[in-house]
Every structure is written in C-alpha cells, then in structure tokens.
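*Asks:*
There are 2 protein chains.
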Amino acid sequence: MRSLKHPRAEDLILSDVLRALGDPVRLEIVRMAEGCDGLPCNAFLEAIPKSTASHHWRVLREAGVIRQVPEGTSRRNFLRREDLEARFPGLLDAVLGSG
Amino acid sequence: MRSLKHPRAEDLILSDVLRALGDPVRLEIVRMAEGCDGLPCNAFLEAIPKSTASHHWRVLREAGVIRQVPEGTSRRNFLRREDLEARFPGLLDAVLGSG
DNA sequence: ACGTTTATTCGATATTAATCGAACAATTTG
DNA sequence: CAAATTGTTCGATTAATATCGAATAAACGT
Numbered sequence: 001m002r003s004l005k006h007p008r009a010e011d012l013i014l015s016d017v018l019r020a021l022g023d024p025v026r027l028e029i030v031r032m033a034e035g036c037d038g039l040p041c042n043a044f045l046e047a048i049p050k051s052t053a054s055h056h057w058r059v060l061r062e063a064g065v066i067r068q069v070p071e072g073t074s075r076r077n078f079l080r081r082e083d084l085e086a087r088f089p090g091l092l093d094a095v096l097g098s099g
Numbered sequence: 101m102r103s104l105k106h107p108r109a110e111d112l113i114l115s116d117v118l119r120a121l122g123d124p125v126r127l128e129i130v131r132m133a134e135g136c137d138g139l140p141c142n143a144f145l146e147a148i149p150k151s152t153a154s155h156h157w158r159v160l161r162e163a164g165v166i167r168q169v170p171e172g173t174s175r176r177n178f179l180r181r182e183d184l185e186a187r188f189p190g191l192l193d194a195v196l197g198s199g
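Protein sequence lines correspond, in order, to chains A and B.
Position one of the first sequence corresponds to residue 1 (this note's numbering), numbered consecutively onward.
Position one of the second sequence corresponds to residue 101 (this note's numbering), numbered consecutively onward.
Spelled out as structure tokens, the structure:
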C-alpha cells in the first residue's frame with residue numbers, strides 16, 4: 001500500500017487541477033478537507049462507497065490537490081495549500097471561498 | 101441563430117465553471133479571450149475544426165464563463181468578468197494569472 | 001434571389017470518466 | 001497467526017465528453 005505518486009509542485013498542470021476540482025463530489029471532499037488536515041479517506045463513508053471515494057481521492061492526489069500520507073492502515077489527507085499557492089496563486093482560496 | 105441561453109450570474113455553479121475551465125482547449129480559448137473582448141468564434145480556426153470549436157464555445161457559454169453576442173453572421177465572445185467575480189471572487193484572475 | 005460568410009446541429013465514433021460490488025493488500029492488535 | 005481495520009484494485013456497466021465531417025441555418029452584400 002506504499003508508493004503513492006504525487007506530482008511535484010512545479011509540475012502541476014492547471015487544467016488537471018481544474019478538472020479535478022470540477023466535480024461536485026470532489027469539490028465536496030476538498031471543502032471537507034479544508035480545516036480538517038489529516039482527514040482519513042473514509043471521511044464520509046456513509047455517503048459514498050469505499051471504492052468510489054478511493055477513486056476521487058486518487059484523482060485529487062494525481063492532480064496535486066491533496067497529499068496522502070500513510071499512517072497505519074489508514075492514510076491522512078492534506079490539502080497542498082503551499083504548493084497550489086506557489087503555482088497558481090489565489091486559486092485555492094477562490095475555490096474554497098466561494099459558496 | 102438567436103436564442104443563446106446564458107445562465108444568470110447568480111445561478112453560476114462552481115463545479116460547472118471549473119469543469120468548463122478544466123480542459124486544455126477551453127483554457128486556451130479563455131486565455132485568448134482575455135484582453136480580446138469581442139473575439140469571434142473562429143478565432144483560431146487553423147488549429148481546430150469549426151464544429152469542435154463551436155462545441156467548446158458552447159460549454160463555456162453554458163457554464164457562464166463567456167457571453168456570446170450575435171453580430172451579423174458572426175458573434176462576439178466576452179468573458180463574463182464581473183459576473184464571475186461577483187459569484188466567485190478571485191477565481192478568474194487566479195486562472196488567468198497562472199502560467 | 002443568389003452566393004458568401006460565420007456558426008450551429010446532426011450523426012457517428014472514440015475516449016474518458018463515474019459508479020460500485022467483490023476480491024485483494026497492508027497494517028495493526030489480540 | 002488470526003481477526004479487524006482501512007484502502008486499493010479489478011471488472012463491469014453506464015454516462016459523459018471530445019472529435020470532426022457533412023448538412024443546415026442565419027445574416028449580410030450584391
């Protein structure tokens with residue numbers, strides 16, 4: 001369960017980030033992740049099945065929106081605020097700040 | 101060729117806007133539209149076929165990113181800056197400002 | 001009316017993406 | 001080692017999207 005590939009900050013691609021965020025479910029995930037650093041992947045397992053959630057976490061990770069850190073059998077999810085800010089200044093704030 | 105449906109500013113949906121922008125071709129269109137108010141739809145017809153371009157303009161229009169104003173047999177395309185700014189402050193600038 | 005210009009719509013195809021159950025993998029704990 | 005916990009991967013299905021040529025439509029000029 002190791003080997004989680006994360007793109008480097010300087011390799012983030014804007015259209016990939018926007019597409020990752022351009023899905024209602026993932027937008028919900030990201031909003032939930034805001035202010036909840038270290039959120040586990042099953043954060044809202046009553047709402048959607050494990051495999052679906054896993055898929056969305058993966059899309060977010062591969063786009064560089066979140067970073068996943070294994071911890072036991074679980075893993076903690078972090079928004080890549082600094083990396084996103086460095087590459088696309090103001091973007092994450094704009095996305096999170098909007099109702 | 102009339103009846104171009106545009107969503108109202110207050111009805112813009114963030115995930116729709118992000119998905120519209122989350123495509124390399126459309127991002128290119130929007131970047132080109134920046135500073136080129138009134139761009140016609142065939143702005144870069146050497147690059148992509150008419151029908152494909154029309155499709156992308158439509159996605160952008162229906163998401164509320166651009167406004168299309170008929171003018172003769174053509175139509176002028178405008179970024180909906182104010183509307184986007186009112187609904188999602190900082191978003192468009194962040195998208196356009198990033199390399 | 002006719003042709004030209006500009007753009008949309010249709011139809012078909014191909015690709016990508018979302019969903020979710022079942023099986024599997026990795027880690028921790030007893 | 002066995003069981004429990006947490007996620008991933010597989011496989012299948014369904015839905016959405018991208019692409020583009022050909023036909024169509026609308027507005028304009030002559």
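Ideal placement from N, C-alpha and C gives every residue a C-beta, glycine not left out.
What does a CB cutoff of less than 6 Å around L196(B) pick up in its chain, not counting 5 residues either side in sequence?
*Replies:* Closer than 6 Å at Cβ, skipping near neighbours: E134.
*Asks:* Nearer than 8 Å: is that true of the beta carbon of E171(B) relative to any heavy atom of the ligand GTP?
*Replies:* Absent from the structure shown: the ligand GTP. Ligands present: none.
*Asks:* To the nearest angstrom, how far is it from the Cα of L112(B) to the Cα of D137(B)?
*Replies:* Computed Cα separation, rounded: 21 Å.
*Asks:* Under 8 Å, with one C-beta from each stretch per pair, do the region 157-168 of chain B and the region 126-133 of chain B reach the 3-pair mark?
*Replies:* Cβ pair count under 8 Å is three or more, so yes.
*Asks:* Sorted by chain position, which residues of the same chain lie with C-beta nearer than 7 Å to A20(A)'s C-beta, five sequence neighbours on each side aside?
*Replies:* For A20(A), where only same-chain residues beyond five positions count, the Cβ hits under 7 Å are R26, V59, L60, A63 and V65.
*Asks:* With distance defined between alpha-carbon atoms, name the residue in F88(A), R81(A) and L39(A) nearest to E71(A).
*Replies:* It is L39(A) whose Cα lies nearest to the Cα of E71(A).
*Asks:* Measure the alpha-carbon distance for P89(A) versus E10(A) and round it to whole angstroms.
*Replies:* If I take the Cα positions, the gap works out to 13 Å.
*Asks:* Using only alpha-carbon positions, find the residue among C141(B), V117(B) and P107(B) that is nearest to L191(B).
*Replies:* Of C141(B), V117(B) and P107(B), the residue nearest in Cα terms is V117(B).
*Asks:* Which class does V95(A) belong to by DSSP, given the choice of helix, strand or coil?
*Replies:* Here V95(A) sits in helix by DSSP.
*Asks:* What's the call for N42(A), buried or exposed, on a 16-neighbour Cβ count within 10 Å?
*Replies:* Exposed: under 16 other Cβ atoms inside 10 Å.
*Asks:* Identify each residue in the region 79-92 of chain A for which the Cβ-Cβ distance to at least one residue of chain B is less than 9 Å, and report them in chain order.
*Replies:* Per Cβ criterion, the list reads R87, F88, P89, G90, L91 and L92.
*Asks:* Output yes or no for whether 9 Å exceeds the beta carbon distance between D193(B) and E185(B).
*Replies:* Their beta carbons are under 9 Å apart, which means D193(B) touches E185(B) by this criterion.
*Asks:* Taking beta-carbon pairs under 7 Å, can you tell me which members of the region 103-133 of chain B lie near chain A?
*Replies:* Listed in sequence order: L114, S115, L118, R119, L121, G122, D123, P124 and L127.
*Asks:* In three-state terms, what does DSSP make of R76(A)?
*Replies:* The answer is strand: DSSP assigns R76(A) an E or B state.
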